[in-house]
Amino acid sequence: MSDVAMRFEALAARWEQHCADHREASNPYVFLEHPSFDALVALGRGAVPLIIERYRHGSVFWGAALRRITGITTFGEGVVGNLDETRRHWLKWWDAHQGTYTAQGA
Amino acid sequence: MSNRIGRPSFVPTPSTGVTPERAARSPGEKTSSTRAVDQFDARATRAATLLTGASATAAAVPIRSKALDLQPQVHEATGYEARFEQNGRKASAAIAGHGRVQLPAGSGRGPSFHAEAGKPLTVNADPARFSSTYEKVELVWRVYPGGTENVVPMSDGTRDANGRLNLQPATFEVPPDASGVMRLSFRTTDKSGRVSNQWDPSNDAAIASREGATVSFTEDFQTQVDGKVRAGDSLRIAYDQDRLKAIAGGKTPSEVVACVSFNGEPPIEVPLDIRPDQPGQPGGMFMPSLRVPFEATDVAMWFRGKADDGTSWDSASGQNFKFSVGVARDDADPSWKNELLRSKSFPNLTADKFVGVGPSSERYNCIAWTLGNRNEWVWPGTRVEDFDTLYAQQGYKPLDSVDLSHDPTLEKVVIYGRKPMTGSGPLEVTHGALMDEQGRFTSKIGTQPLIRHQSADDLTGPSYGAPVRVYVRPRQPPVSVS
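Respectively, the protein sequence lines represent chains D and U. With my numbering, letter number 3 in the first sequence gets 20, and the count goes up by one each step, no holes. With my numbering, letter number 479 in the second sequence gets 480, and the count goes up by one each step, no holes.
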């Protein structure tokens with residue numbers, strides 16, 4: 018497992034625990050406002066393939082991390098709206114662009 | 002000869018909608034995107050509503066109704082089979098005297114099989130799936146939630162040429178009041194007496210309960226809903242194949258399939274042709290009965306058949322036939338309630354004060370729920386003024402006081418707020434709840450379950466704070482399509 022992958026796994030576990038601890042929250046920024054989320058975003062492009070895999074079957078709020086890392090605004094902020102649809106858009110985007118990310122490696 | 006599916010004569014509400022255009026859905030078309038649905042139990046008088054495509058009538062009648070008596074050429078299953086092969090699973094429905102229908106076996110992430118309350122389920126397993134060291138193989142089944150474990154022997158001690166146990170089919174009747182899923186697993190005992198039994202969710206069978214709705218697509222291109230389409234209940238589909246025949250210019254279609262998509266997900270494709278599995282059986286048309294997932298908020302259907310070298314589509318001119326799905330029955334899954342009883346956020350929320358009516362979901366939040374939207378996460382900001390603007394757009398006006406009295410002519414939304422954690426600054430809004438026609442409240446709790454609770458104060462506490470503002474508008478009349 019690469020260094021980025023190891024750091025990602027640890028941070029993702031912390032962030033998902035933070036979300037679970039606040040699952041009564043309706044304000045989506047409660048989920049995002051946590052050091053582990055900021056650290057995940059700071060991992061940059063190397064984290065994108067890892068996020069995509071979590072995003073497929075995990076939290077719909079992973080889209081917010083993709084938005085911040087990639088700078089792509091086409092699919093919104095990833096915190097409001099039809100977040101299932103947002104996920105479908107991101108996964109379709111990934112199908113078309115994953116070469117750009119995996120070719121550069123982590 | 003007509004395959005006519007009649008409209009039950011006792012249904013009091015006649016269809017008055019227009020006849021839709023008979024246009025086929027093109028093969029390359031994508032499923033239409035889902036629409037926000039304004040139908041939930043807080044407005045319980047809103048019956049199942051056909052959102053697009055064709056006219057519909059809805060009547061609260063039992064689904065195991067005379068509709069079946071009037072449909073002599075459309076047959077429901079008389080039993081189901083779950084077959085565990087060495088390299089996969091196969092699901093089928095048996096129609097006594099007619100044949101069998103192979104059913105979709107699922108994506109592998111949930112139930113692979115189908116079952117129906119009050120009907121037999123037969124489990125078959127390939128002996129090659131089991132080690133020759135086993136002395137005994139038993140089927141263990143249990144209805145979840147709520148059921149108890151039952152055991153059916155599958156081996157009698159005899160072995161095949163490879164030394165593996167010969168396995169007999171295990172048949173049992175699904176309890177008539179069953180709903181949810183049927184958990185299936187194999188309990189093995191080896192020569193040392195060690196017992197092993199592992200449950201795999203993809204071994205489950207989704208149970209179509211006796212409660213639910215029948216959607217009929219009749220020869221005259223009308224659509225009728227009998228009963229209420231709701232999460233956790235069953236959905237029966239009575240489709241007259243003469244519709245596809247008309248669309249195909251009079252050519253009789255073959256390999257007719259009902260495509261059923263919940264929440265815009267990839268469709269389940271259910272064959273509607275019964276294939277004779279013995280010589281002399283007539284086959285016929287199948288009326289599938291599916292379990293509506295708890296997570297479903299809407300369902301779309303369309304139909305496909307082959308005619309000569311082409312494919313015909315019956316899809317409401319490519320829009321698909323769309324229906325909203327009502328919330329589940331009270332405490333349909335006890336885990337919804339238990340999850341909130343474990344929470345420390347709501348000290349006032351005791352077991353006698355609420356029921357669970359929907360599962361945990363990231364699909365929508367409390368504010369979306371108050372707006373009648375179960376497909377989106379809605380958050381206008383944290384200031385009370387942000388919510389004033391949001392609800393004003395929906396015709397609500399804020400009251401001068403936190404007046405939580407019940408007036409059946411008014412719809413009320415209450416928002417909660419608390420002081421910021423920093424200790425200073427304006428109130429931060431945390432939650433919204435909707436008052437129903439009977440003065441009760443419904444709340445979607447963050448990503449947690451949807452509940453109905455007795456009073457607004459049930460959610461007062463460290464997480465949500467307390468009610469801070471009430472919005473009101475005249476109660477909207479029930480949606481009626483007739």
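Using N, Cα and C, we set each Cβ at its ideal position, and we do this for glycine too. What you are looking at is a predicted structure, and each value in this text was computed from that prediction instead of being measured.
- Query: Using 8 Å as the Cβ pair cut-off and three pairs as the minimum, do the segment 75 to 91 of chain U and the segment 122 to 133 of chain U touch?
  - Reply: Touching, yes, given that three or more Cβ pairs across the two stretches are closer than 8 Å.
- Selection of the segment 342 to 360 of chain U by Cβ proximity to chain D, strictly under 9 Å: SER344, SER346 and PHE347
- C-alpha gap between U/ARG36 and D/PHE78, whole angstroms: For U/ARG36, the predicted model reports a pLDDT of 28, less than 50, meaning its position is unreliable; a value from the coordinates is still stated below. So the alpha carbons of these two residues sit roughly 21 Å apart.
- Task: Please confirm if U/GLN87 has its CB atom under 7 Å from at least one CB of chain D.
- Result: no
- Cutoff 7 Å; reference U/THR383; Cβ partners in own chain excluding five residues on either side: GLU429 and VAL430
- 8 Å contact criterion, which U/CYS260 and U/ARG305 should meet: CB distance rounded: 6 Å
- Task: Take U/ARG110 and list the residues in its own chain whose beta-carbon comes closer than 8 Å to its own, dropping the five residues that flank it on each side.
- Result: Counting only residues of its own chain and dropping the five nearest sequence neighbours on each side, U/ARG110 has a CB closer than 8 Å to the CB of PRO202 and SER203.
- Query: Based on the DSSP output, what are the partners of U/THR215 in its beta bridges?
  - Reply: Under the DSSP definition of a beta bridge, U/THR215 partners with U/ASP227 and U/ARG237.
- Boundaries of the alpha helix (DSSP H) in which U/GLU296 is found, first to last residue: Premise fails: U/GLU296 is in no alpha helix (DSSP H) and is neither H nor E.
- Message: Is there a Cβ of chain D sitting closer than 7 Å to that of U/ASN376, yes or no?
- Response: yes
- Query: For the 8 Å Cβ check, are there 3 or more pairs between the segment 277 to 295 of chain U and the segment 226 to 234 of chain U?
  - Reply: yes
- Message: Considering Cα atoms alone, identify which of U/ARG184, U/SER197 and U/ASP191 is closest to U/ASP205.
- Response: If we check each option's Cα against that of U/ASP205, U/ARG184 comes out closest.
- Query: In this structure, does DSSP put U/ALA434 in helix, strand or coil?
  - Reply: strand
- Item | Interface partners of D/ALA42 on chain U, CB under 7 Å | GLY447
- Separation of U/VAL175 from U/VAL141, as counted between CA atoms: 13 Å
- Pick from U/GLY265, U/VAL473 and U/SER344: whose alpha carbon is nearest that of U/GLY462? U/SER344
- Query: In terms of alpha-carbon separation, which member of U/GLY265, U/VAL152 and U/ALA434 lies closest to U/MET302?
  - Reply: With distances taken between Cα atoms, U/MET302 lies closest to U/GLY265.
- Message: Does U/TRP200 pass the burial test, meaning 16 or more other C-beta atoms within 10 Å, or should it be called exposed?
- Response: A residue is called buried when at least 16 other Cβ atoms come within 10 angstroms of its Cβ; U/TRP200 does not meet this threshold and is exposed.
- Please name the residues in the segment 372 to 396 of chain U whose beta-carbon is closer than 7 Å to at least one beta-carbon of chain D, in chain order. ASN376, GLU377, TRP378, VAL379, TRP380 and THR383
- Give me the Cα-Cα distance between U/GLU117 and U/ILE238, rounded to the nearest whole angstrom. Distance from the CA of U/GLU117 to the CA of U/ILE238, rounded to the nearest whole angstrom, comes to 14 Å.
- For U/PHE355, which option in U/TRP370, U/VAL152, U/ASP221 and U/PRO335 has the closest C-alpha, if you only look at C-alpha atoms? U/PRO335
- Beta-bridge pairing of U/HIS76 - partner residues as DSSP gives them: U/PHE287
- Item | Rounded Cβ spacing between D/ALA82 and D/LEU100 (contact assumed at less than 8 Å) | That belief does not hold up - the Cβ atoms of D/ALA82 and D/LEU100 are roughly 13 Å apart, past 8 Å.
- DSSP puts U/TRP380 in a beta bridge; with which residues? As computed with DSSP, U/TRP380 is found in no beta bridge at all.
- Touch test, the segment 82 to 94 of chain D against the segment 52 to 70 of chain D, Cβ-Cβ under 8 Å, three pairs minimum: With a cut-off of 8 Å on Cβ pairs, the segment 82 to 94 of chain D is in contact with the segment 52 to 70 of chain D, counting three or more such pairs.
- Message: Output needed in chain order: residues of the segment 44 to 56 of chain D with a Cβ under 7 Å from some Cβ in chain U.
- Response: ASN44 and PRO45
- Query: In its own chain, which residues sit with a C-beta less than 6 Å from the C-beta of U/ASN151, not counting the 5 before and 5 after it?
  - Reply: TRP142
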